[in-house]
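S.K.:
2 protein chains.
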Amino acid sequence: MSDFDLDSFIPYRLAVLAGKVSREFSNHYSERFGISRAEWRVVAHLSASGPASVGEIHQRVDMDKSRVSRAATRLEKDGLLTKEEHPVDGRLVKLSLTALGEAMMLELEGVANAYQTELLARLGSDGEETFAAVERLGKAADA
Amino acid sequence: MSDFDLDSFIPYRLAVLAGKVSREFSNHYSERFGISRAEWRVVAHLSASGPASVGEIHQRVDMDKSRVSRAATRLEKDGLLTKEEHPVDGRLVKLSLTALGEAMMLELEGVANAYQTELLARLGSDGEETFAAVERLGKAADA
DNA sequence: TATTGTTATACTCTATAACTATA
DNA sequence: TATAGTTATAGAGTATAACAATA
Numbered sequence: 021m022s023d024f025d026l027d028s029f030i031p032y033r034l035a036v037l038a039g040k041v042s043r044e045f046s047n048h049y050s051e052r053f054g055i056s057r058a059e060w061r062v063v064a065h066l067s068a069s070g071p072a073s074v075g076e077i078h079q080r081v082d083m084d085k086s087r088v089s090r091a092a093t094r095l096e097k098d099g100l101l102t103k104e105e106h107p108v109d110g111r112l113v114k115l116s117l118t119a120l121g122e123a124m125m126l127e128l129e130g131v132a133n134a135y136q137t138e139l140l141a142r143l144g145s146d147g148e149e150t151f152a153a154v155e156r157l158g159k160a161a162d163a
Numbered sequence: 021m022s023d024f025d026l027d028s029f030i031p032y033r034l035a036v037l038a039g040k041v042s043r044e045f046s047n048h049y050s051e052r053f054g055i056s057r058a059e060w061r062v063v064a065h066l067s068a069s070g071p072a073s074v075g076e077i078h079q080r081v082d083m084d085k086s087r088v089s090r091a092a093t094r095l096e097k098d099g100l101l102t103k104e105e106h107p108v109d110g111r112l113v114k115l116s117l118t119a120l121g122e123a124m125m126l127e128l129e130g131v132a133n134a135y136q137t138e139l140l141a142r143l144g145s146d147g148e149e150t151f152a153a154v155e156r157l158g159k160a161a162d163a
């Protein structure tokens, strides 16, 4: 009927793979901690960087402003972070993990590091380099 | 603050990469043809396999039944496919591309093949093998 | 006027489950 | 009763844009 084969098409294979890994990881934390992927990203970023504004997270974490903002609202409601007004620029909101948020992240870190280890094992010996090579797909050849 | 680094975490990198490639490809067709990713997958599968049921597509294309069903409904409304009742088993629905659907797929194929070529070029010489190696991430080590 | 963050809109996705009609 | 497909539901993702407050 056609000479196009969806199964060899890289965007499709990549989407299927990313979905599979994301769901698998999500099984490791979503039920236990009750957070979504967006919330996980915000918490992980805050944990690594310390307090940050919505805009900073938006730029660092591949999520647009509104998604970050809504995730932060949910996390605040759950007592995992606080919002403060920036002392000099009133437009900025300073997001900080609470003690509860820090404690959750500590557990999550263990889960995430264990999963990362398992993924690297699946890749085999040159896993890191292999994966980095595939990430060249994201670099548009603008030359 | 923490020894966890989101930027080196494989599920995150994979999600970011897949999103980037998917959006980039989508820019090549969504505006021009007015279809979503789910619709594109259904059309591509039908084009490769010939007429198929909802269930067949569901099993082959990493989308659940309802997503396939809804995509098919939208495509039917746009005149890109038809639904027929199966002659012997009335529960089955036979989805077939219309002439309009075939014509669209012909154009889409050109776009997709060109994009695939560009992606392989970004990967470099051993691209296919490198990519296949990374797909081992999707194979849970169930031993 | 421009920027930061929030909220609105509308559609799609995801997961689950109920529902219908056939078998 | 089991199966194929559709529809419902509810929360989340996606993209865009309007909006309020501040700069």
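Residue numbers (our numbering), protein chains in the order written: chain A, 21 to 163; chain B, 21 to 163. Note that CB positions come from ideal geometry on N, CA and C, so glycine has one too.
Taking a cut of 9 Å between CB atoms, which residues from the region 22–50 of chain B lie near chain A?
M.R.: The region 22–50 of chain B vs chain A, Cβ under 9 Å: Ser22, Asp23, Phe24, Asp25, Leu26, Asp27, Ser28, Phe29, Ile30, Pro31, Tyr32, Arg33, Leu34, Ala35, Val36, Leu37, Ala38, Gly39, Lys40, Val41, Ser42, Glu44, Phe45 and Ser46.
S.K.: Helix, strand or coil: which one does DSSP assign to Leu157 of chain A?
M.R.: By 1-based counting over the first sequence, the position of residue 157 of chain A is 137. Looking at Leu157 of chain A - three-state DSSP - the assignment turns out to be helix.
S.K.: Pull up the distance between the alpha-carbon of Val41 of chain B and that of Ala153 of chain B, whole angstroms please.
M.R.: The residue labelled residue 41 of chain B in the question sits at position 21 within the second sequence. The residue labelled residue 153 of chain B in the question sits at position 133 within the second sequence. Their backbone Cα atoms lie some 18 Å apart in a straight line.
S.K.: In whole angstroms, what is the alpha-carbon distance linking His6 of chain B and Asp98 of chain B?
M.R.: Outside the modelled stretch of chain B, which goes from 21 to 163, sits residue 6 of chain B, for which no answer is possible.
S.K.: On a Cα-Cα basis, can you pick out the residue from A:Asp25, A:Arg43 and A:Gly70 that is closest to Asp23 of chain B?
M.R.: By 1-based counting over the second sequence, the position of residue 23 of chain B is 3. When each option's Cα is compared against that of Asp23 of chain B, the closest is A:Gly70.
S.K.: Take every Cβ of the region 86–95 of chain B, pair it with every Cβ of the region 54–68 of chain B, and state whether three or more of those distances are shorter than 8 Å.
M.R.: Enough Cβ pairs lie closer than 8 Å, so yes.
S.K.: Would you mind giving the Cβ-Cβ distance between Leu100 of chain A and Leu117 of chain A, rounded to the nearest angstrom? I have them listed as a contact below 8 Å.
M.R.: Within the first sequence, residue 100 of chain A is the residue found at index 80, counting from 1. Within the first sequence, residue 117 of chain A is the residue found at index 97, counting from 1. Indeed they touch by this definition, with Cβ atoms about 7 Å apart.
S.K.: If contacts are defined as beta-carbon pairs under 8 Å, then Ile77 of chain A and Gln136 of chain B qualify, I think. What distance do you get, rounded to the angstrom?
M.R.: Numbered from 1 along the first sequence, position 57 holds the residue referred to as residue 77 of chain A. Numbered from 1 along the second sequence, position 116 holds the residue referred to as residue 136 of chain B. The Cβ separation is near 34 Å, so there is no contact.
S.K.: Taking Cβ-Cβ distances shorter than 8 Å, what residues in chain A pair up with Phe53 of chain B?
M.R.: Numbered from its first residue, the second sequence carries residue 53 of chain B at position 33. Per Cβ cutoff of 8 Å: no residues; Phe53 of chain B is ~14 Å from chain A at best.
S.K.: Among the residues of its own chain, which have a CB less than 8 Å from the CB of Leu128 of chain A, if the five just before and after it don't count?
M.R.: For the purposes of this step, residue 128 of chain A is identified with residue 108 of the first sequence, where counting begins at 1. Taken in chain order, the residues that qualify are Tyr49, Phe53, Trp60, Val63 and Ala64.
S.K.: Using only the alpha-carbon positions, how far apart do Asp84 of chain A and Leu126 of chain B sit?
M.R.: Along the first sequence, read from residue 1 onward, the residue named residue 84 of chain A stands at position 64. Along the second sequence, read from residue 1 onward, the residue named residue 126 of chain B stands at position 106. Looking at the two C-alpha atoms, the distance is approximately 35 Å.
S.K.: Does any residue of chain B bring its CB to less than 8 Å from the CB of Lys61 of chain A?
M.R.: As a working note, residue 61 of chain A is residue 41 in the first sequence. Here residue 61 of chain A is Arg; the residue named in the question, Lys, does not match the sequence. Yes, Arg61 of chain A lies at the interface with chain B (some Cβ there is under 8 Å from its Cβ).
S.K.: Who are the Cβ neighbours of Lys103 of chain B in its own chain at under 8 Å, not counting the five residues just before and after it?
M.R.: Numbered from 1 along the second sequence, position 83 holds the residue referred to as residue 103 of chain B. Contacts found: Ala92, Glu96, Val113, Lys114 and Leu115.
S.K.: Helix, strand or coil for Asp162 of chain B, going by three-state DSSP, please let me know.
M.R.: Translated into the one-based positions of the second sequence, residue 162 of chain B becomes position 142. Here the model assigns Asp162 of chain B a pLDDT of 49, short of 50, so the residue's position is not dependable, and the following value carries that caveat. Coil, per DSSP.
S.K.: Give the secondary structure of Ser67 of chain B by DSSP, where H, G and I count as helix, E and B as strand, and everything else as coil.
M.R.: The residue you call residue 67 of chain B lines up with position 47 of the second sequence. It is helical.
S.K.: From the DSSP output, in three-state form, read off Leu101 of chain B for me.
M.R.: Mapped onto the second sequence, residue 101 of chain B falls at position 81. Residue state, collapsed to three classes: strand.
S.K.: Around the Cβ of Ala3 of chain B, are there at least 16 other Cβ atoms within 10 angstroms (buried) or fewer (exposed)?
M.R.: There is no way to answer for residue 3 of chain B, as the model of chain B reaches only from 21 to 163.
S.K.: For the candidate residues B:Ala68, B:Ala38 and B:Arg111, whose alpha-carbon lies nearest to that of Val74 of chain B?
M.R.: Working through the second sequence from its first residue, we reach residue 74 of chain B at position 54. Val74 of chain B has its Cα closest to that of B:Arg111, out of B:Ala68, B:Ala38 and B:Arg111.
S.K.: Would Val81 of chain A be called buried (16 or more neighbouring beta carbons within 10 Å of its own) or exposed?
M.R.: Residue mapping note: residue 81 of chain A aligns to position 61 of the first sequence, counting from 1. Buried is the call here.
S.K.: Tell me whether the beta-carbon of Ala160 of chain A lies closer than 8 Å to the beta-carbon of Ala38 of chain B.
M.R.: By one-based count along the first sequence, residue 160 of chain A stands at place 140. By one-based count along the second sequence, residue 38 of chain B stands at place 18. No.
S.K.: Identify the contact partners of Arg142 of chain B in chain A, using a Cβ-Cβ distance below 9 Å as the criterion.
M.R.: Along the second sequence, one-based indexing puts residue 142 of chain B at 122. Within 9 Å Cβ-Cβ: Arg156, Leu157, Gly158, Lys159, Ala160 and Ala161.
S.K.: Helix, strand or coil for Ser116 of chain A per DSSP?
M.R.: The sequence position of residue 116 of chain A within the first sequence is 96, counting from 1. If DSSP states are grouped into helix, strand and coil, Ser116 of chain A belongs with the strands.
S.K.: How should Ala163 of chain A be labelled, buried or exposed, when 16 other C-beta atoms within 10 angstroms of its C-beta is the threshold for buried?
M.R.: Looking up residue 163 of chain A in the first sequence gives position 143. Interpretation of Ala163 of chain A is limited by its pLDDT of 38, a score under 50 that renders its predicted location unreliable; the figure taken from the coordinates is listed afterwards. That one is exposed.
S.K.: To the nearest angstrom, report how far apart Ala72 of chain A and Glu44 of chain A are at their CA atoms.
M.R.: Taking the first sequence and counting its residues from 1, one reaches residue 72 of chain A at position 52. Taking the first sequence and counting its residues from 1, one reaches residue 44 of chain A at position 24. When rounded, the distance between both Cα atoms is 29 Å.
S.K.: Quick test of your reading: Leu157 of chain B and Leu139 of chain A, contact by CB under 8 Å. State the CB separation rounded to the nearest angstrom.
M.R.: In the second sequence, counting from the first residue as 1, residue 157 of chain B sits at position 137. In the first sequence, counting from the first residue as 1, residue 139 of chain A sits at position 119. The Cβ separation is near 6 Å, so the contact holds.
S.K.: The alpha helix (DSSP H) that contains Ile30 of chain B, what's its start and end?
M.R.: Sequence index remark: in the second sequence, residue 30 of chain B carries index 10 (1-based). Start and end: Ile30 to Phe53.
S.K.: Contact criterion: CB-CB distance below 8 Å. Does Asp109 of chain A meet it with respect to chain B?
M.R.: As a working mapping, residue 109 of chain A is identified with position 89 in the first sequence. It does not; no Cβ of chain B falls within 8 Å.
S.K.: Can the beta-carbon of Arg33 of chain A be found less than 8 Å from the beta-carbon of Glu105 of chain B?
M.R.: Indexing the first sequence from 1 puts residue 33 of chain A at position 13. Indexing the second sequence from 1 puts residue 105 of chain B at position 85. No, they are not a contact pair.
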